[in-house]
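**Q** This is the structure I want to talk about, given as structure tokens.
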Amino acid sequence: SLEPMRHDEL
Amino acid sequence: MNIFRLIGDLSHLAAIIILLLKIWKSRSCAGISGKSQILFAIVFTTRYLDLLTSFISLYNTCMKVIYIGCAYATVYLIYMKFRATYDGNHDSFRVEFLVVPVGGLAVLINHDFSFLEILWTFSIYLESVAILPQLFMISKTGEAETITTHYLFCLGLYRALYLFNWIWRFYFEGFFDMIAIVAGVVQTVLYCDFFYLYVTKDGKGYRFSI
Numbered sequence: 001s002l003e004p005m006r007h008d009e010l
Numbered sequence: 001m002n003i004f005r006l007i008g009d010l011s012h013l014a015a016i017i018i019l020l021l022k023i024w025k026s027r028s029c030a031g032i033s034g035k036s037q038i039l040f041a042i043v044f045t046t047r048y049l050d051l052l053t054s055f056i057s058l059y060n061t062c063m064k065v066i067y068i069g070c071a072y073a074t075v076y077l078i079y080m081k082f083r084a085t086y087d088g089n090h091d092s093f094r095v096e097f098l099v100v101p102v103g104g105l106a107v108l109i110n111h112d113f114s115f116l117e118i119l120w121t122f123s124i125y126l127e128s129v130a131i132l133p134q135l136f137m138i139s140k141t142g143e144a145e146t147i148t149t150h151y152l153f154c155l156g157l158y159r160a161l162y163l164f165n166w167i168w169r170f171y172f173e174g175f176f177d178m179i180a181i182v183a184g185v186v187q188t189v190l191y192c193d194f195f196y197l198y199v200t201k202d203g204k205g206y207r208f209s210i
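Going down the list, the protein sequences come from chains A and B. Residue numbers 1 to 10, in my numbering, belong to the letters of the first sequence in order. Residue numbers 1 to 210, in my numbering, belong to the letters of the second sequence in order.
Quick look at the structure:
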């Protein structure tokens with residue numbers, strides 16, 4: 001899934 | 001969260017605060033590109049719209065709010081409070097040459113053709129080149145103050161550490177984001193010339209040429 005990186009990283 | 005991410009984030013925070021303090025303490029924004037700072041404010045604004053849609057952690061929310069707040073504070077200091085010291089003549093990079101192609105690229109190459117997703121992609125692409133007006137300004141005047149080079153070093157270090165973070169996440173968590181990685185590599189490469197000068201000149205102010 002690509003989602004985690006979207007919102008997690010700054 | 002891994003060590004590269006954490007130190008990268010802190011390095012990014014340090015860069016932002018170094019710049020704010022430099023301007024505040026010296027009551028001057030001489031040598032600082034207001035255009036780069038506006039681009040960074042746009043980068044944070046378009047990327048962190050997810051503050052309104054998803055909650056990740058207290059750390060995540062706080063950092064995003066601090067980044068956005070500091071970015072706008074910096075722009076305010078440059079264009080309002082200390083605008084008399086702003087060196088607009090040397091800050092002559094044409095930002096439309098960055099923003100327009102980057103906007104087009106974000107519409108063409110993204111993971112999902114939706115409003116928030118395109119804005120996120122736009123912010124990733126824009127961040128990778130947002131420092132160019134600053135580097136252009138330094139190359140034009142041929143010099144940078146020591147504190148400005150520390151700012152740039154922290155900013156470049158943050159990007160380089162994120163590359164290690166992505167390698168880590170690929171191996172241990174199994175995911176990667178090609179858009180972020182390619183943009184991150186481009187961004188890091190832009191700092192290479194600067195890194196070389198920073199290290200060889202021992203962080204002192206230097207004369208810079210392309």
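All C-beta atoms, glycine included, are put in the ideal place defined by N, C-alpha and C.
#1: What residues match up with Ala-211 (chain B) in a beta bridge as DSSP calls it?
#2: Work out the CA separation of Gly-142 (chain B) and Ala-15 (chain B) for me, nearest whole Å.
#3: Got a sec, what are the start and stop residues for the alpha helix (DSSP H) Asp-193 (chain B) sits in?
#4: Is the separation between the beta-carbon of Trp-168 (chain B) and that of Ala-180 (chain B) shorter than 9 angstroms?
#5: So, at 6 angstroms on beta carbons, what are the nonlocal neighbours of Ser-123 (chain B) in its own chain, with the 5 sequence-adjacent residues on each side left out?
#6: Can you tell me which of B:Tyr-191, B:Phe-97, B:Met-80, B:Lys-140 puts its alpha carbon nearest to the alpha carbon of Arg-159 (chain B)?
#7: Compute the Euclidean distance between the alpha carbons of Lys-225 (chain B) and Asp-8 (chain A), then round it to the nearest angstrom.
#8: Along the alpha helix (DSSP H) that carries Lys-22 (chain B), what are the first and last residues, could you check?
#9: So, with DSSP's three-state summary, where would you put Asn-89 (chain B)?
#10: Can you give the Cα-Cα distance for Asn-2 (chain B) and Ala-84 (chain B), rounded to whole angstroms?
#11: Identify which residue in B:Ala-30, B:Gln-134, B:Thr-188, B:Trp-120 has its Cα closest to the Cα of Leu-105 (chain B).
#12: Using only the alpha-carbon positions, how far apart do Ser-11 (chain B) and Glu-173 (chain B) sit?
#13: Note down, in chain order, each residue of its chain lying with its Cβ closer than 7 angstroms to the Cβ of Ala-130 (chain B), except the 5 sequence neighbours on either side.
#14: State buried or exposed for Asp-9 (chain B), treating a residue as buried only when at least 16 other CB atoms are found within 10 Å of its CB.
#15: With H, G and I counted as helix, E and B as strand and the rest as coil, what does DSSP make of Thr-149 (chain B)?
#16: To the nearest angstrom, how far is the alpha carbon of Lys-201 (chain B) from that of Cys-29 (chain B)?
#17: Met-137 (chain B) to Leu-13 (chain B), Cα distance in whole Å?
#18: Mapping DSSP to helix, strand and coil, what is Asp-112 (chain B)?
#19: At what residues does the alpha helix (DSSP H) containing Gly-174 (chain B) begin and finish?
#20: Look up Cys-154 (chain B) in the DSSP assignment and say whether it is helix, strand or coil.
**A** On the basis of the coordinates in this document:
#1: Coverage of chain B is limited to positions 1 through 210, which leaves residue 211 (chain B) absent and any answer about it impossible.
#2: Position 15 of the second sequence, counted from the first residue, corresponds to residue 15 (chain B). Position 142 of the second sequence, counted from the first residue, corresponds to residue 142 (chain B). Note on geometry: alpha-carbon atoms of Ala-15 (chain B) and Gly-142 (chain B) lie some 22 angstroms from one another.
#3: Numbered from its first residue, the second sequence carries residue 193 (chain B) at position 193. Note, Asp-193 (chain B): alpha helix (DSSP H), 178–200.
#4: Your numbering for residue 168 (chain B) matches position 168 in the second sequence. Your numbering for residue 180 (chain B) matches position 180 in the second sequence. Contact: no.
#5: For the purposes of this step, residue 123 (chain B) is taken as residue 123 along the second sequence, with counting starting at 1. Within the same chain, Ser-123 (chain B) has close Cβ partners Val-43, Thr-46, Arg-47.
#6: Here residue 159 (chain B) refers to the residue found at position 159 when the second sequence is read from its first residue. With distances taken between Cα atoms, Arg-159 (chain B) lies closest to B:Tyr-191.
#7: Missing from the structure shown is residue 225 (chain B); chain B here goes from 1 to 210 and no further.
#8: By one-based count along the second sequence, residue 22 (chain B) stands at place 22. Note, Lys-22 (chain B): alpha helix (DSSP H), 3–26.
#9: Indexing the second sequence from 1 puts residue 89 (chain B) at position 89. For Asn-89 (chain B), the secondary structure class from DSSP, reduced to helix, strand or coil, is coil.
#10: Taking the first residue of the second sequence as 1, we reach residue 2 (chain B) at position 2. Taking the first residue of the second sequence as 1, we reach residue 84 (chain B) at position 84. Roughly 43 angstroms between the two C-alpha positions.
#11: As a first step, residue 105 (chain B) is located in the second sequence; it is residue number 105 there, counting from the start. The shortest Cα separation from Leu-105 (chain B) among B:Ala-30, B:Gln-134, B:Thr-188, B:Trp-120 belongs to B:Trp-120.
#12: In the second sequence, the residue the question calls residue 11 (chain B) occupies position 11. In the second sequence, the residue the question calls residue 173 (chain B) occupies position 173. In this structure, the CA atom of Ser-11 (chain B) is about 23 angstroms from the CA atom of Glu-173 (chain B).
#13: Within the second sequence, numbered from 1, the residue matching residue 130 (chain B) stands at position 130. Here the set comprises Ser-36, Leu-39, Phe-40, Val-43.
#14: Stepping through the second sequence from its first residue, residue 9 (chain B) is reached at position 9. When all chains shown are included, Asp-9 (chain B) counts as buried.
#15: Locating residue 149 (chain B) in the second sequence gives position 149, counting from the first residue. Correct three-state label for Thr-149 (chain B): helix.
#16: Here the question's residue 201 (chain B) lines up with position 201 in the second sequence. Here the question's residue 29 (chain B) lines up with position 29 in the second sequence. CA-to-CA, the gap between Lys-201 (chain B) and Cys-29 (chain B) works out to about 23 angstroms.
#17: Residue numbering aside, residue 137 (chain B) sits at position 137 when the second sequence is read from its first letter. Residue numbering aside, residue 13 (chain B) sits at position 13 when the second sequence is read from its first letter. Cα-Cα distance, rounded: 23 angstroms.
#18: For the purposes of this step, residue 112 (chain B) is identified with residue 112 of the second sequence, where counting begins at 1. The answer is coil: DSSP assigns Asp-112 (chain B) none of H, G, I, E or B.
#19: What you label residue 174 (chain B) is simply residue 174 of the second sequence in a count that begins at 1. DSSP places Gly-174 (chain B) in no alpha helix (DSSP H); its state is neither H nor E.
#20: Start at 1 with the first residue of the second sequence, and residue 154 (chain B) comes out as number 154. Helix.
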